[in-house]
Amino acid sequence: MQVKVLGRVDYLPTYQAMAAFTEGRVAGTPDELWICEHPPVFTQGLAGKADHVLDPGDIPVVSTNRGGQVTYHGPGQVVAYPLVNLQRAGYFVKEYVYRLEEAVIRTLAEYGVTGHRVAGAPGIYVRLADPSSHEALTGPAPGGDPFAGLGKVAALGIKVSRHCSYHGLALNVSMDLQPFERINPCGYAGLRTVDLSTIGVSTTWNEAAALLGHKLEALLS
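Residue numbers 1 to 221, in UniProt numbering, belong to the letters of the sequence shown in order.
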């Protein structure tokens, strides 16, 4: 797997480049992992509903062909785009999503933070009251809110074309979180979004990007 750290790049041309790379692949094309951050942008998934974008203001909204609903990308967020031939790698989409989430969980563990999965809601969450808690999530929270007491620290949305993946995941490191209040993140009204700095982790974008890159490379190669 070739790892490419792109730095801060505009979203739309990066999306177009991912699609072109994937459509132009042949059987022997090496997998790549692109790591970057984007200027402020809202991205809408294929099934995205317009009413989940509450107040975009001056932030552009870009429609995409990935799965999922609306999310936000901005400075201080590590975005990782694994371009993987899943057929050659030998696992299906469900296993691929699991490995993406596992890479985030292992990255958070390096900072003493426990990442959690929520059934039916891809991405990684943390316990706001105790980010290091290893206590497992057990079913719907009181009142029926599966996100009660949780904050979403990483979002995930992928596309698979001809057995090859693109799009990927975003880990919030140290960013302006206000734009998340202008949307229903991932289609969930009131879902709290956090970054590492919110939960007491002090790290740089470069350090978090390198760490997440290493975890993804290990799990996807």
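Glycine included, each C-beta is placed from N, C-alpha and C at the ideal position.
Are the beta-carbon atoms of residue i and residue j separated by less than 8 Å?
i: V104; j: V194; result: no
i: G90; j: R66; result: no
i: R25; j: L219; result: no
i: A47; j: Q69; result: yes
i: G168; j: V79; result: yes
i: A155; j: C186; result: yes
i: L177; j: E110; result: no
i: T114; j: S133; result: yes
i: V84; j: P122; result: no
i: E217; j: V3; result: yes
Can you tell me the Cα-Cα spacing of residue i and residue j, whole angstroms?
i: T203; j: A209; result: 10 Å
i: E101; j: D58; result: 31 Å
i: H52; j: I199; result: 26 Å
i: K215; j: R182; result: 31 Å
i: A170; j: E135; result: 24 Å
i: N184; j: G7; result: 27 Å
i: V93; j: D130; result: 32 Å
i: M18; j: L128; result: 34 Å
i: V5; j: F21; result: 16 Å
i: W34; j: G149; result: 32 Å
i: P146; j: V118; result: 8 Å
i: T29; j: V201; result: 38 Å
i: H73; j: V62; result: 11 Å
i: P179; j: G213; result: 26 Å
i: M175; j: E207; result: 15 Å
i: L54; j: L86; result: 36 Å
i: R162; j: A27; result: 11 Å
i: E95; j: S221; result: 13 Å
i: K49; j: N172; result: 23 Å
i: Y188; j: Q16; result: 27 Å
i: P60; j: R192; result: 22 Å
Can you tell me the Cβ-Cβ gap for residue i and residue j, rounded? I've got them flagged as a contact below 8 Å.
i: Y11; j: H38; result: 5 Å
i: G190; j: T71; result: The pair is not a contact, with the Cβ atoms about 15 Å apart (cut-off 8 Å).
i: T64; j: C36; result: Not quite, the Cβ-Cβ distance comes to about 15 Å (not below 8 Å), so this is no contact.
i: D1; j: E23; result: The question names Asp, yet the displayed sequence has Met at residue 1. M1 to E23, Cβ: 19 Å. No contact.
- Kindly provide the ranges of any beta strand (DSSP E) runs that are 3 or more residues long and lie completely inside the segment 67 to 128, ordered along the chain. 71 to 73, 77 to 83, 116 to 118 and 121 to 127
- Going along the chain, which unbroken runs of the alpha helix (DSSP H) with 4 or more residues stay wholly within the segment 128 to 186? none
- Unbroken stretches of the beta strand (DSSP E), 3 residues or longer, contained in the segment 23 to 54: 32 to 37 and 41 to 44
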